[in-house]
Amino acid sequence: MVDQEELDRELGEALDSLRDVPLPDQGRQAAQHAAFLATARQQRRLAQSPARPARSRGFLRPAPALSKRWAVAGVITAIVLAMLLSTGGVIYAADGAVPGDPLYGVDQAVESARLGLTHRPESVLNLLLSLAEERLAEAEELAARQDEGNLNLALDNYGAAVSSLAQTLGTADGADAASLTPALDTAISSHEGRLTQLLGPAVAQADAGEGEEEQEEEGTDYCVGADPHPTAYRLAEAYGVTYEEIMGWFCYDGYGMGEIEHALQTSAATGLPVEEVFALKVELGGWGEVWQELGLIGSTDDDSEELTEEEEEELAYCVGADPHPVAQRLADTYGVAYEDIMTWFCEGRYGLGEIMHALQTGSDEEGNTPEELLQMKTDMGGWGQVWQELGLIGKPDDKPDKEPKIKPEKPEKPVKVKPEKKEKPEKKVKP
Amino acid sequence: MVEEQALLRGARELDEPALNAIFETYYPLLYRYVYHHIRHQTTAEDLTAEVFSRMLEQLSQGDGPRQYLKAWLYRVAHNLVIDHTRRQVHRDHDPLDEGIVSTGHDVEMEVHNAILQWQAAAALQKLTPMQRAVIILKYLEGYSNAEIAPILELSVGAVKALQHRGLASMRRYLAHARESGGE
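Chains as they are written, first to last, in our numbering: chain G, 2 to 432; chain A, 5 to 187.
Pasting the structure below:
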């Protein structure tokens with residue numbers, strides 16, 4: 002048995018030993034410093050330049066990467082044209098590149114050049130639609146490769162492509178925008194299902210799958226061996242139960258570690274003993290049913306419909322202690338509370354793809370919340386319709402930017418001068 | 005504090021000297037914090053630079069830090085670390101590889117220190133992200149509980165509880181390592 006005082010001394014020494022850290026590489030730090038100041042300069046210049054008409058007020062977050070490319074499109078066009086003449090094979094090969102591939106930069110430059118050379122609104126829209134489609138396909142390929150780092154980049158690129166689409170519609174004149182909106186609607190709707198599939202199970206599986214599978218295979222060794230089972234150890238720590246209890250469920254009752262974790266999560270959320278949770282699971286057959294029975298998640302539109310394994314995996318995040326990685330990412334990216342996203346996801350049963358588009362749309366001048374936008378999308382059937390209804394796209398350029406929206410139930414409102422933006426409380430900040 | 009407010013005002017106007025001072029002042033602190041979490045130099049440098057990039061992005065949208073610049077920057081760093089850790093958790097990657105810092109003593113001492121550092125880093129990795137954050141900020145970076153609370157958006161009581169549980173968990177790990185001959 003180790004003496005407590007001795008252990009404290011050792012802990013102190015251990016912590017002391019961690020204080021020294023290697024200094025950052027001076028060259029890299031200097032380069033990062035310079036890049037930071039250069040970006041700041043560029044942003045200051047943008048802030049000082051005259052305000053862009055129409056859609057630059059918060060509707061669909063700007064697409065920085067794509068916008069920058071637009072700015073240098075002329076230069077790139079010349080370069081790419083030269084390359085087309087000399088290195089056509091490379092450009093052809095680059096067409097199938099995904100983020101992380103060496104030729105991806107070439108692929109992007111070619112696309113920018115194509116955009117720079119396209120002028121008719123319909124052609125630009127079609128090109129942007131095909132680029133958004135390509136970004137989504139890249140994300141799917143990266144998900145299949147389980148390359149999560151580049152998957153995030155591909156999803157960001159997809160978001161940027163959709164932003165560009167909407168911005169293009171925003172600058173089209175009224176007639177053009179009205180005729181182009183249905184095409185946008187159809188495309189975005191078709192993306193949504195794929196996006197939800199992409200954001201959901203793929204990431205959840207990548208997050209929870211691999212390591213655990215290996216452990217499960219080797220798991221039975223832990224029932225006879227002296228080494229602690231790492232997952233059981235983690236669960237015991239996280240949920241305040243004993244390691245022996247967990248190994249009892251695992252070794253004698255035959256539950257997998259994943260099931261045990263779900264049971265512990267459910268027990269923590271409801272106060273039911275873990276054994277009763279297991280009994281319910283056996284009785285009802287699936288975790289989705291257990292959580293619905295216990296009122297932890299909203300019921301589906303069709304109660305008779307059984308939840309798929311993927312849906313159960315997803316809904317585990319609704320009752321679990323672990324944050325949903327995609328929801329967390331959306332919260333960080335769009336600066337909204339993680340809890341709000343999970344409320345829309347768990348109670349509203351909106352897909353993460355839909356939530357992403359609602360957040361991209363952002364709060365409009367009328368103060369519609371993302372939740373209201375999601376409801377509008379459900380009611381109206383497509384994001385294009387929502388954006389048009391909100392006056393974010395398809396508004397003729399000669400109308401004043403802040404013309405109030407006309408709703409049948411309400412009398413026409415006068416143009417309001419919006420007070421200066423209130424300061425948000427520090428706590429809410431989630432970059 | 006006064007200086008922090010001045011820097012913050014300058015940063016909101018994208019004033020270059022203010023942004024320059026912010027980078028120079030906080031980069032080393034944030035780098036240390038990130039490094040303690042992931043123990044990989046290049047990644048720590050990249051994530052630290054990303055903190056400043058996020059700050060610019062937020063400032064240009066009229067968001068970003070309002071009152072407490074340092075706490076805000078640490079929070080961003082913390083969120084980036086969490087994101088990074090989630091992405092790395094199932095990869096074949098040993099974050100402790102680069103974690104051993106030579107202290108320049110004799111060989112026996114070097115070995116002792118290397119083992120100690122390895123065990124300490126491993127014990128730290130066993131903690132939950134929030135416990136780890138508290139232990140790092142308190143014991144490795146020297147912040148008080150009152151300073152840690154706004155960084156992690158917790159009450160002082162919650163910080164104390166995390167600290168208590170984190171230290172207990174590290175003690176258990178070290179005791180286990182000792183008993184199984186890892187000393």
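The beta-carbon is built from N, C-alpha and C at its ideal position, and this holds for glycine as well.
*asked:* Residues of the stretch 34-52 of chain G in Cβ contact with chain A at a cutoff of 8 Å, in chain order, please.
replied: H34, A36, F37, L38, T40, A41, R42, Q44, R45, L47 and A48
Subject >> Integer-rounded CB distance, given that L120 (chain A) should sit under 8 Å from S173 (chain A) >> reply: By one-based count along the second sequence, residue 173 (chain A) stands at place 169. By one-based count along the second sequence, residue 120 (chain A) stands at place 116. So it is not a contact: roughly 18 Å between Cβ atoms.
**Report entry** Rounded Cβ spacing between A179 (chain A) and L19 (chain G) (contact assumed at less than 8 Å)
**Finding:** Counting from one through the second sequence, the residue named residue 179 (chain A) turns up at place 175. Counting from one through the first sequence, the residue named residue 19 (chain G) turns up at place 18. Actually they do not touch by this definition, with Cβ atoms about 18 Å apart.
Quiz item: In chain G, what lies closer than 8 Å to S64 (chain A) by C-beta?
Solution: Counting from one through the second sequence, the residue named residue 64 (chain A) turns up at place 60. Within chain G, the residues near S64 (chain A) are Q44, L47 and A48.
When the cut-off is 8 Å and only beta carbons count, does L15 (chain G) lie next to chain A? The sequence position of residue 15 (chain G) within the first sequence is 14, counting from 1. First, the amino acid is wrong: residue 15 (chain G) is Ala here, not Leu. By this cut-off, A15 (chain G) is an interface position.
So H230 (chain G) is in the alpha helix (DSSP H); what residue range does that whole segment cover?
Here residue 230 (chain G) refers to the residue found at position 229 of the first sequence. From DSSP, H230 (chain G) is part of no alpha helix (DSSP H); its letter is neither H nor E.
Residue span of the alpha helix (DSSP H) that contains V1 (chain G), given as start and end | The requested residue 1 (chain G) is not part of the displayed model; chain G covers only 2 to 432.
| Exposed or buried, which one is C224 (chain G) when buried takes at least 16 other CB atoms within 10 Å? | Within the first sequence, the letter at position 223 stands for residue 224 (chain G). It is exposed - the Cβ of C224 (chain G) has fewer than 16 other Cβ atoms within 10 Å.
(Q) Does any residue of chain A have a CB that is nearer than 8 Å to the CB of Q30 (chain G)? (A) Residue mapping note: residue 30 (chain G) aligns to position 29 of the first sequence, counting from 1. Yes - at least one Cβ of chain A is within 8 Å of the one on Q30 (chain G).
Problem - Best match in A:N149, A:S57, A:R79 and A:L84 for proximity to H168 (chain A) [C-alpha to C-alpha] - result: In the second sequence, the residue the question calls residue 168 (chain A) occupies position 164. Comparing Cα-Cα distances from H168 (chain A) to each of A:N149, A:S57, A:R79 and A:L84, the minimum goes to A:N149.
Rounded C-alpha distance that separates Y30 (chain A) from E8 (chain A): What you label residue 30 (chain A) is simply residue 26 of the second sequence in a count that begins at 1. What you label residue 8 (chain A) is simply residue 4 of the second sequence in a count that begins at 1. Between Y30 (chain A) and E8 (chain A), the C-alpha separation is close to 11 Å.
- prompt: Which residue from A:N117, A:R58, A:T47 and A:R175 puts its Cα closest to that of D21 (chain G)?
  reply: Sequence index remark: in the first sequence, residue 21 (chain G) carries index 20 (1-based). Nearest C-alpha to D21 (chain G): A:N117.
Compare the C-beta of Y78 (chain A) with all C-beta atoms of chain G and state if any pair is closer than 8 Å. Here the question's residue 78 (chain A) lines up with position 74 in the second sequence. False, the Cβ-Cβ gap to chain G never drops below 8 Å.
Exercise. Taking buried to mean at least 16 other C-beta atoms within 10 Å of its own C-beta, is S124 (chain G) buried or exposed?
Worked result: Counting from 1 along the first sequence, the entry for residue 124 (chain G) is found at position 123. Label assigned to S124 (chain G): exposed.
Proximity winner among A:L23, A:L34, A:V38 and A:I42, relative to R42 (chain G) (alpha-carbon distances) = Looking up residue 42 (chain G) in the first sequence gives position 41. The residue with the shortest Cα to Cα distance from R42 (chain G) is A:L23.
**Continuous alpha helix (DSSP H) stretch holding G259 (chain G): start and end** = For the purposes of this step, residue 259 (chain G) is taken as residue 258 along the first sequence, with counting starting at 1. Residues M258 to T271.
When we look at the beta-carbon of Q123 (chain A) and count the other beta-carbons within 10 Å, is it buried (16 or more) or exposed?
Taking the second sequence and counting its residues from 1, the one referred to as residue 123 (chain A) is at position 119. Buried, by the Cβ-count rule.
Here's the rule: buried if 16 or more other CB atoms are within 10 angstroms of the residue's CB, otherwise exposed. What is E215 (chain G)?
As a working note, residue 215 (chain G) is residue 214 in the first sequence. Below a pLDDT of 50, predicted positions are generally treated as unreliable, and E215 (chain G), at 43, falls in that range; no measurement from the model is reported.
*asked:* Helix, strand or coil, according to DSSP, for G14 (chain A) in the structure here?
replied: As a first step, residue 14 (chain A) must be located in the second sequence, where it is residue number 10. The answer is helix: DSSP assigns G14 (chain A) an H, G or I state.
At the 8 Å Cβ level, is M165 (chain A) part of the contact set with chain G, yes or no?
Position 161 of the second sequence, counting from 1, holds the residue named residue 165 (chain A). Met is not the amino acid found at residue 165 (chain A); the sequence shown has Ala there. Closer than 8 Å: no.
| request: From the DSSP output, in three-state form, read off E404 (chain G) for me. | output: On the first sequence, residue 404 (chain G) is found 403 positions in, with the first residue counted as 1. Any reading at E404 (chain G) must be qualified, since the residue scores a pLDDT of 35, below 50, and its modelled position is unreliable; no value is offered.
Grab me the residues of A162 (chain G)'s own chain with a C-beta within less than 6 Å of its C-beta, minus the 5 sequence neighbours each way, in chain order.
Here residue 162 (chain G) corresponds to residue number 161 of the first sequence, with the count starting at 1. Within the same chain, A162 (chain G) has close Cβ partners L132, A133 and R136.
task = Kindly list, in the order they appear in chain A, the residues whose Cβ is closer than 9 Å to that of Y10 (chain G).
result = For the purposes of this step, residue 10 (chain G) is taken as residue 9 along the first sequence, with counting starting at 1. The sequence shown places Arg at residue 10 (chain G), rather than the Tyr named in the question. The contacting residues do not exist; R10 (chain G) stays about 11 Å from chain A at best.
Task: Per-residue contacts from E238 (chain G) into chain A (C-beta, under 7 Å) - done: Here residue 238 (chain G) is taken as the residue at index 237 of the first sequence, counted from 1. Within 7 Å Cβ-Cβ: S173.
On the DSSP letters alone, give me the boundaries of the alpha helix (DSSP H) that L171 (chain A) sits inside. The sequence position of residue 171 (chain A) within the second sequence is 167, counting from 1. L171 (chain A) -> alpha helix (DSSP H) spans V160 to E183.
Less than 8 Å between CB atoms is the rule here; does S18 (chain G) satisfy it with respect to chain A? By 1-based counting over the first sequence, the position of residue 18 (chain G) is 17. By this cut-off, S18 (chain G) is an interface position.
So is A280 (chain G) buried or exposed if we call it buried at 16+ other beta carbons inside 10 Å? Counting from 1 along the first sequence, the entry for residue 280 (chain G) is found at position 279. Classification of A280 (chain G): exposed, given that the 10 Å Cβ count is below 16.
| message | Please state whether the Cβ-Cβ distance between L34 (chain A) and V55 (chain A) is less than 8 Å. | response | Numbered from 1 along the second sequence, position 30 holds the residue referred to as residue 34 (chain A). Numbered from 1 along the second sequence, position 51 holds the residue referred to as residue 55 (chain A). Yes.
For P133 (chain A) and E390 (chain G), I'd like the C-alpha separation in whole angstroms. Numbered from its first residue, the second sequence carries residue 133 (chain A) at position 129. Numbered from its first residue, the first sequence carries residue 390 (chain G) at position 389. Distance between the alpha carbons of P133 (chain A) and E390 (chain G) is about 44 Å.
Quiz item: Using a Cβ cut-off of 8 Å, which residues of the stretch 330-347 of chain G contact any Cβ in chain C, in chain order?
Solution: Among the protein chains in the structure shown, which are G and A, there is no chain C.
R175 (chain A) and L12 (chain G) closer than 8 Å at C-beta:
As a first step, residue 175 (chain A) is located in the second sequence; it is residue number 171 there, counting from the start. As a first step, residue 12 (chain G) is located in the first sequence; it is residue number 11 there, counting from the start. Yes, the pair counts as a contact, with Cβ atoms nearer than the cut-off.
- request: With 8 Å as the threshold, decide whether the Cβ of P23 (chain G) is near any Cβ in chain A.
  value: In the first sequence, counting from the first residue as 1, residue 23 (chain G) sits at position 22. Taking Cβ atoms only, chain A reaches closer than 8 Å to P23 (chain G), which makes this a yes.
Beta-carbon proximity of L196 (chain G) to G354 (chain G), cut-off 8 Å:
Translated into positions along the first sequence, residue 196 (chain G) becomes position 195. Translated into positions along the first sequence, residue 354 (chain G) becomes position 353. Yes, they are a contact pair.
Requested in this report: Using a Cβ cut-off of 8 Å (strictly closer), state whether R36 (chain A) contacts chain G.
Outcome: The residue you call residue 36 (chain A) lines up with position 32 of the second sequence. Chain G, which has a Cβ nearer than 8 Å to the Cβ of R36 (chain A), makes this yes.
Of all the CB atoms in chain G, is at least one closer than 8 Å to the CB of L100 (chain A)? Residue numbering aside, residue 100 (chain A) sits at position 96 when the second sequence is read from its first letter. In this prediction, L100 (chain A) has a pLDDT of 47, which is less than 50 and means its spatial position is unreliable; nothing more can be read from the coordinates.
**DSSP three-state assignment for N83 (chain A), whether helix, strand or coil** = One-based indexing of the second sequence puts residue 83 (chain A) at position 79. It is helical.
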